[in-house]
Each structure stands twice: as structure tokens, then as C-alpha cells.
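Colleague: This is the structure I have questions about; it appears just below.
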Amino acid sequence: MNSIFDWLTIILRRDLLIAFRRSATYITPLIFFLIVVTFFPLALGPQESLLSSLAPGVIWIATLLASLLAVESIFSEDFRDGTLDDFFISLEPSFVLVFAKVLIHWLITGLPIMAASIIAAVVLYLPFDSFLPILLSLILGTSFMSLLGALGAALSLGKSAILSAIIVLPFSIPTLLMGTSVITSSINNQDYFGFLMIMGAMLAIGIPLLCLLTVEALLLNYD
Amino acid sequence: MTSMWKVLKQWFIEMGSPPLFYNWSSKIIPWLGIATLVLLSIGIFWGLFVSPIDYKQGDVYRILYIHVPSAILGESIFIFMAICGFINVIWRAKISGMMLKAAAPIGMSFTLLVLVTGSVWGKPTWGTWWVWDARLTSTLILFFIYAALIGLHSTIEDKTKADRAVSILSIVGVAIIPVIKKSVDWWQTLHQPSTFTITSSPSMSPEMYLPLLVCLLGFYLFFAFSLTLNLRNEVLDRERSKNWVKQKFSS
Chain E
894 MNSIFDWLTI
904 ILRRDLLIAF
914 RRSATYITPL
924 IFFLIVVTFF
934 PLALGPQESL
944 LSSLAPGVIW
954 IATLLASLLA
964 VESIFSEDFR
974 DGTLDDFFIS
984 LEPSFVLVFA
994 KVLIHWLITG
1004 LPIMAASIIA
1014 AVVLYLPFDS
1024 FLPILLSLIL
1034 GTSFMSLLGA
1044 LGAALSLGKS
1054 AILSAIIVLP
1064 FSIPTLLMGT
1074 SVITSSINNQ
1084 DYFGFLMIMG
1094 AMLAIGIPLL
1104 CLLTVEALLL
1114 NYD
Chain U
31 MTSMWKVLKQ
41 WFIEMGSPPL
51 FYNWSSKIIP
61 WLGIATLVLL
71 SIGIFWGLFV
81 SPIDYKQGDV
91 YRILYIHVPS
101 AILGESIFIF
111 MAICGFINVI
121 WRAKISGMML
131 KAAAPIGMSF
141 TLLVLVTGSV
151 WGKPTWGTWW
161 VWDARLTSTL
171 ILFFIYAALI
181 GLHSTIEDKT
191 KADRAVSILS
201 IVGVAIIPVI
211 KKSVDWWQTL
221 HQPSTFTITS
231 SPSMSPEMYL
241 PLLVCLLGFY
251 LFFAFSLTLN
261 LRNEVLDRER
271 SKNWVKQKFS
281 S
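Just so you know, the protein sequences line up as chains E and U, in that order.
All residue numbers for the first sequence refer to my numbering, where the first residue is 894 and numbers rise by one.
All residue numbers for the second sequence refer to my numbering, where the first residue is 31 and numbers rise by one.
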């Protein structure tokens, strides 16, 4: 039990088991995403040209809202039943715990959303060529959202769920801008790799920085 | 070298202790207040009445003597807060956390002032109150981030913990500052490029430029003045059960 990877696999296996025993954890974001997407044609009318031009924004707004949905559960349950205390007492690098939690959150929200985004792209009349950029932008964007969500959850631990949303949403605007730019420029046959690279850079800085800050935020509860 | 560093560190620690801060700040407050009043009245009078009319915009352009300094202040206060936050997270210096808390509402007000003066200027010049342009939008995001920081602070009961939570968030939030700064260069926007640059001479005439500089200094002094006042309140509020506060206000 010495290496960091052992710890990572232990936490991952445990949390994935818990998530799969309760199917609501990974199905709720998926259903929520599809419901939000459905609302737009109902509210704006079913014209094909209108919907396909709004589709990048619709997909990304639904993604941000859906990934915020499960943010609350990242740490709250472990905090309540004392598992989190055990992790901090065991003196392993707490960075590992946070990273594993972020990964779990991405697996139970980001991945289902990516699957649902293809359905959304079809019903919003996006061309087949834009599916790859949608998936690429969502991989990077939802992972960054999971990182931000973990920080928001750690800062608002034991408080109302709306607080973490207010903390996280202003910081998610760059992701929203870049993500929609990727899809829009792929529809207009422009080069979208620049935007993907910026998203990748944000993720590369975000993984170490946001995980460390999340550890610091969690420690606030253990003074 | 190391001894100088030690002396400097000792000085910082002493200056930052709440009772000492309270004492020395009561000495500088009147000076700060007078300097702010003098610089702001000179700058604003010079800008509004003396400096020449713009040949394209007329008198409308004069709002820039409020708009530009508050924009610079709104951003610099955030950088100041992030530095305080960094110090607070790493060295757990109590006073830096209080400073962060005291600076946040001032920064938020300046950011609101930028948005309001900008749209007042935009209506006659651009023909619209608001455009979704990169600089305007990123400033709006800065406003929301200020709101998130203040909201987070008010929800946490323990003030010291609240300071540290806000410190953590301000370190993340400071990433918005270079985006605002560079937004006029990176994207095609309606907003004109920066008025002030350190590297090149200003594109405005000196009669318009100098009053702006005076206003900017006045705004910075105003920030120092109001920050000190806010911070003194914060110090008294947090230390109200301590002996030095009781002694000061017992008679």
C-alpha cells in the first residue's frame, strides 16, 4: 500500500462501486441534460436553421448545468460519515484523494453527458462532421468543470447547494466560450484546434493548481 | 542579506498585528484623506472644465476621467486581493485575510462604476447601452467573481475560515485579469485599445492625458483611504473581546 497509484485505484474502485449501486448518480445528469436540450426547441420553435445555429450554445449550457448537478455529492457524503477524516488522518498525499474524486465525478457526469451530446447534436440538426469537435471539446471542458466543481464543493461543504453553483458558474465562462467556439468554427469549416489547445492548456494548469487548492479548501474543515 | 530580510520580516509582522495596525493607521488616515481630496478635486476639475473638447465626441468623452481610473482600480484591487489571498493561504497572516475582506466591496463598487459609466458613454457614442464585446463581457465576469467572493465570505460563520476560503477562490479568479487586459488585442472588439501603456507614449494629447493621470492617482489614494477605514472596522469587530480594544473604549 505504498505507491500513490495503489491509493488511487482503491479510492476509484470504492467510489465507482458506490456510484453503480445507486444508478441515480449517473443517470440523473444524463436525463437532466436531455431535458434541458429538449426545452430549447419547445421554447424557440422547431425551425431547422434556427436550432442548428443555436445548437453549440444549447449543448454547452446544458453541459454546464448538468455537471453542476452532481457537484454537491463529490465530498458531502464522505464528509458526513467520516470517511474524509480517515483519509486525512492516514497521511497519504491528500492530492490523490481529490484527484480521484474529480475523476469519479467526471466518470459519472462528464462521460454520460458526452454520450448524450451526440443525441442532442442529431436532434438539433448539427452536421455529422461536427460530432468529433463536439466530443473533443466536451472531453476537455467537462474535465475542467469537474475540477472547478470539486473546488466549489469543498468550499461550500455542509452549506446550501446553490452556493457552490454561484461559486463555480462565473469561473466556467471561459470554458463555455471556448467550447462553443470549437463547435461553431467546425460548423463554419474553420480551424478549431486553437480553441482546443487553449482548453487543453486550461486543463493542464487546472489539474495541479485546482487540486492543490481543493485540498487546502477541504482542510478548512479540519482545523 | 539574511539579517536585512529578518528585520524586514519582523517589521511586517509587527505592522500587521491588529493593535499596532490600529494605532499607526489612525495617524495616517487624516493625511490619506486630505491627499485624496486634493488630488481628486484637482484631477476632476481639470478634466471636466479645463481640458479641451474632443473634436469627434464633444463633451461626452469627459466621462473617461471616471471610467478609466475605475476600470484600472477594479482590476488592480483584484490583483491586490489575490496577493493578500496568496499570503493568507501560505503564511496564514491574519491581517492579510482581513485586508482581502475589506478590499472586496471597494473593488466590486469600482467594477460596477466602470460598467455604469461605460454604458452611459456608450449610448450617445456607440448608440447602445451594451454590446456583447470581449472587454465588456470580461469586465462583467469580474463583477460576478467579486459577487461570488463576497457571497462565499458571508456564508461561512467562522471569520478566519471565511478569509481562507475566499483567499483560495481569489487565487483562481485572478486568471480573469490578463484576459480582460488582453481582450482588446486578442479579439476584434468595439472597445478601443488601452489608454495607458508603460512601454509607449500616450496617443492622447498631454492636456487630456495629464488630468487623467492625476485622477488615477487620486483614485488609488481613495482606495488606500477607504481600505484603511474598512480594515480598522474589521479589526475592531474581530478583536472586540480582546483586552486592547476594551481598554481603548472603556472610558
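Where a beta carbon is used, it is the ideal one built from N, C-alpha and C, also for glycine.
All values derive from a computational prediction rather than experimental measurement.
#1: Which residues in chain E sit within 7 Å of Gly104 of chain U, going by Cβ to Cβ distance?
#2: Among the residues of its own chain, which have a CB less than 6 Å from the CB of Gly73 of chain U, if the five just before and after it don't count?
#3: Between the Cα of Lys212 of chain U and the Cα atoms of U:Arg165, U:Leu170, U:Ile201, which residue gives the shortest distance?
#4: Just to confirm the assignment, what range does the alpha helix (DSSP H) spanning Gln277 of chain U have?
#5: Which chain E residues sit within Cβ distance under 9 Å of Leu282 of chain U?
#6: What in chain U is Cβ-close to Lys1052 of chain E, meaning under 7 Å?
#7: For Ile198 of chain U, go through chain E and note every residue whose CB falls closer than 9 Å to its CB, in chain order.
#8: State whether the stretch 188-200 of chain U contacts the stretch 101-120 of chain U, with contact taken as three or more CB pairs (one from each stretch) at a distance under 8 Å.
#9: In three-state DSSP terms, what is Gly88 of chain U?
#10: Return yes when the C-beta of Asp1084 of chain E is under 6 Å from any heavy atom of the ligand FMN, and no when it is not.
#11: Ile109 of chain U and Val204 of chain U look like a contact to me (Cβ under 8 Å); what is the Cβ gap, rounded to whole Å?
#12: On the CB-based measure, 16 or more other CB atoms within 10 Å of its CB, does Pro1005 of chain E come out buried or exposed?
#13: Pull out every residue of the stretch 114-146 of chain U whose Cβ sits closer than 8 Å to any Cβ of chain E, in chain order.
#14: Output, in sequence order along the chain, the residues in the stretch 201-215 of chain U whose CB is closer than 9 Å to any CB in chain E.
#15: Taking 7 Å as the CB-CB cut-off, is Ile1100 of chain E touching chain U?
#16: Nearest CA to the CA of Gly1051 of chain E: which residue from E:Thr1035, E:Phe968, E:Asn1082, E:Gly1042?
#17: Could you check the C-alpha separation between Ala318 of chain U and Thr921 of chain E for me, to the nearest Å?
#18: Measuring straight from C-alpha to C-alpha, what distance separates Leu1070 of chain E and Phe1037 of chain E?
#19: Could you check how far apart the C-beta atoms of Ile1060 of chain E and Ser1049 of chain E are, in whole angstroms? I think they sit under 8 Å.
#20: Which whole-angstrom value is the C-beta distance of Thr1073 of chain E and Ser960 of chain E, which I expect to be below 8 Å?
#21: Just the chain U side, please: which residues come within less than 9 Å of Ile904 of chain E by C-beta, in chain order?
#22: In angstroms with no decimal places, state the Cα-to-Cα distance between Ile171 of chain U and Asp163 of chain U.
#23: Give the single residue among E:Ala1054, E:Ile1055, E:Ser1079, E:Ala1058 whose Cα lies nearest to the Cα of Leu1025 of chain E.
#24: Does Pro939 of chain E get closer than 7 Å to chain U when you measure Cβ to Cβ?
#25: Going by C-alpha to C-alpha distance, which of U:Val209, U:Tyr91, U:Val196, U:Phe174 sits closest to Gly183 of chain U?
#26: Around the C-beta of Trp159 of chain U, are 16 or more other C-beta atoms found within 10 angstroms, so that it is buried, or is it exposed?
#27: Can you give me the Cβ contacts of Ser945 of chain E inside the same chain, cut-off strictly under 7 Å, excluding the 5 residues immediately before and after it?
#28: Alpha carbon to alpha carbon, how far is Trp61 of chain U from Ala955 of chain E? Give it in angstroms, no decimals.
#29: How many whole angstroms separate the CB atoms of Gly1045 of chain E and Val964 of chain E, which I take to be in contact at a CB cut-off of 8 Å?
#30: Under 8 Å between beta-carbons, which chain E residues line up against Arg165 of chain U? List them in chain order, please.
#31: Let me check understanding here. Comparing Cα to Cα, which of E:Ile1098, E:Trp900, E:Ile928 lies closest to Phe981 of chain E?
#32: In chain E, which residues lie less than 9 Å from Ile175 of chain U when you measure between Cβ atoms?
#33: What does the alpha-carbon distance come out to for the pair Ile1091 of chain E and Ile1032 of chain E?
#34: With a 10 Å radius around its C-beta and 16 neighbouring C-beta atoms as the bar for buried, classify Gly1087 of chain E as buried or exposed.
#35: As a quick exercise: from U:Glu269, U:Ser280, U:Ala254, U:Val146, pick the residue whose alpha carbon is nearest that of Leu130 of chain U.
#36: State the DSSP-derived secondary structure class of Pro934 of chain E, mapped to helix, strand or coil.
Modeller: According to the structure shown:
#1: Residue mapping note: residue 104 of chain U aligns to position 74 of the second sequence, counting from 1. None at all; the shortest Cβ gap to chain E is about 15 Å.
#2: Working through the second sequence from its first residue, we reach residue 73 of chain U at position 43. Within the same chain, Gly73 of chain U has close Cβ partners Pro241, Val244, Cys245, Gly248.
#3: By one-based count along the second sequence, residue 212 of chain U stands at place 182. Comparing Cα positions, the closest option is U:Arg165.
#4: Position 247 of the second sequence, counted from the first residue, corresponds to residue 277 of chain U. First-last of the alpha helix (DSSP H) with Gln277 of chain U: 273-280.
#5: Nothing about residue 282 of chain U can be read from this structure; chain U reaches only from 31 to 281.
#6: Start at 1 with the first residue of the first sequence, and residue 1052 of chain E comes out as number 159. Chain U residues near Lys1052 of chain E: Thr185.
#7: Within the second sequence, residue 198 of chain U is the residue found at index 168, counting from 1. Simply Leu1044, Ala1047, Leu1048, Leu1106, Thr1107, Glu1109, Ala1110, Leu1113.
#8: yes
#9: Position 58 of the second sequence, counting from 1, holds the residue named residue 88 of chain U. DSSP places Gly88 of chain U in strand when its eight states are reduced to three.
#10: Of ligands this structure carries none, so the ligand FMN is not represented either.
#11: Along the second sequence, read from residue 1 onward, the residue named residue 109 of chain U stands at position 79. Along the second sequence, read from residue 1 onward, the residue named residue 204 of chain U stands at position 174. Indeed, because the Cβ distance is near 6 Å, the residues count as touching under 8 Å.
#12: Along the first sequence, read from residue 1 onward, the residue named residue 1005 of chain E stands at position 112. Its Cβ being crowded by 16 or more others within 10 Å, Pro1005 of chain E is buried.
#13: Val119
#14: Ile201, Val202, Gly203, Ala205, Ile206, Val209
#15: Here residue 1100 of chain E is taken as the residue at index 207 of the first sequence, counted from 1. Not one chain U Cβ lies under 7 Å of Ile1100 of chain E.
#16: Counting from 1 along the first sequence, the entry for residue 1051 of chain E is found at position 158. Closest by alpha carbon: E:Phe968.
#17: With chain U covering only 31 through 281, there is no way to say anything about residue 318 of chain U.
#18: Position 177 of the first sequence, counted from the first residue, corresponds to residue 1070 of chain E. Position 144 of the first sequence, counted from the first residue, corresponds to residue 1037 of chain E. Near 13 Å, if we compare the C-alpha coordinates of Phe1037 of chain E and Leu1070 of chain E.
#19: By 1-based counting over the first sequence, the position of residue 1060 of chain E is 167. By 1-based counting over the first sequence, the position of residue 1049 of chain E is 156. Going by Cβ atoms, the distance from Ile1060 of chain E to Ser1049 of chain E rounds to 6 Å, so yes, they are a contact pair.
#20: Translated into positions along the first sequence, residue 1073 of chain E becomes position 180. Translated into positions along the first sequence, residue 960 of chain E becomes position 67. Contact doesn't hold; Cβ gap of about 15 Å is too wide.
#21: As a working note, residue 904 of chain E is residue 11 in the first sequence. The contacting residues do not exist; Ile904 of chain E stays about 22 Å from chain U at best.
#22: To locate residue 171 of chain U, count along the second sequence from 1; it is residue 141. To locate residue 163 of chain U, count along the second sequence from 1; it is residue 133. Rounded to whole angstroms, Ile171 of chain U to Asp163 of chain U spans 12 Å at the Cα level.
#23: Position 132 of the first sequence, counting from 1, holds the residue named residue 1025 of chain E. Checked all of E:Ala1054, E:Ile1055, E:Ser1079, E:Ala1058; the closest Cα to Leu1025 of chain E is E:Ser1079.
#24: Here residue 939 of chain E refers to the residue found at position 46 when the first sequence is read from its first residue. It does not: the Cβ of Pro939 of chain E has no partner Cβ on chain U nearer than 7 Å.
#25: Translated into the one-based positions of the second sequence, residue 183 of chain U becomes position 153. The displayed chain sequence assigns His, not Gly, to residue 183 of chain U. That would be U:Val196, whose Cα lies nearest to the Cα of His183 of chain U.
#26: Residue mapping note: residue 159 of chain U aligns to position 129 of the second sequence, counting from 1. Trp159 of chain U comes out exposed.
#27: Translated into the one-based positions of the first sequence, residue 945 of chain E becomes position 52. Only Leu1017, Tyr1018, Leu1019 meet the Cβ criterion.
#28: As a working note, residue 955 of chain E is residue 62 in the first sequence. As a working note, residue 61 of chain U is residue 31 in the second sequence. Looking at the two C-alpha atoms, the distance is approximately 54 Å.
#29: Along the first sequence, read from residue 1 onward, the residue named residue 1045 of chain E stands at position 152. Along the first sequence, read from residue 1 onward, the residue named residue 964 of chain E stands at position 71. About 6 Å; that satisfies the 8 Å criterion.
#30: Translated into positions along the second sequence, residue 165 of chain U becomes position 135. Per Cβ cutoff of 8 Å: no residues; Arg165 of chain U is ~14 Å from chain E at best.
#31: Here residue 981 of chain E corresponds to residue number 88 of the first sequence, with the count starting at 1. Cα-wise, what sits closest to Phe981 of chain E is E:Trp900.
#32: For the purposes of this step, residue 175 of chain U is taken as the residue at position 145 of the second sequence. Result: Pro1063, Phe1064.
#33: Along the first sequence, one-based indexing puts residue 1091 of chain E at 198. Along the first sequence, one-based indexing puts residue 1032 of chain E at 139. The alpha-carbon atoms of Ile1091 of chain E and Ile1032 of chain E are separated by roughly 13 Å.
#34: On the first sequence, position 194 is the one that residue 1087 of chain E refers to. It is exposed - the Cβ of Gly1087 of chain E has fewer than 16 other Cβ atoms within 10 Å.
#35: Within the second sequence, residue 130 of chain U is the residue found at index 100, counting from 1. Of the listed residues, the one whose Cα sits closest to Leu130 of chain U is U:Ala254.
#36: For this step, residue 934 of chain E is matched to residue 41 along the first sequence. Pro934 of chain E: helix per DSSP, three-state reduction.
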